[in-house]
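Chemist:
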Amino acid sequence: MIILASGSPRRIELLASLGLEFLVRPAAVDETIDPATPP
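Heads up: take any position in the sequence shown, counting from 1, add 1, and you land on our numbering.
Here is the structure:
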């Protein structure tokens, strides 16, 4: 069983098109970038 930690419609579509069994569990992660943080 694959757990897809993304809510991306395209990723869901790709896995479904391959006939794979998976669960969608989007990660609740704050991906905000602090402008004061150097690259």
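Ideal Cβ positions, reconstructed from N, Cα and C, are used throughout, including at glycine.
Could you have a look at I3 and say whether DSSP puts it in helix, strand or coil?
Modeler: strand
Chemist: Identify the continuous beta strand (DSSP E) that holds L24 and give its terminal residues.
Modeler: F23 to V25
Chemist: Sorted by chain position, which residues of the same chain lie with C-beta nearer than 7 Å to S7's C-beta, five sequence neighbours on each side aside?
Modeler: Hits under 7 Å: P27.
Chemist: Comparing alpha-carbon positions, which option in D31, A37, V25 and I34 lies nearest L5?
Modeler: V25
Chemist: What whole-angstrom Cβ distance do L15 and I3 have, given they're in contact under 8 Å?
Modeler: Incorrect: roughly 11 Å between the Cβ atoms, too far for contact.
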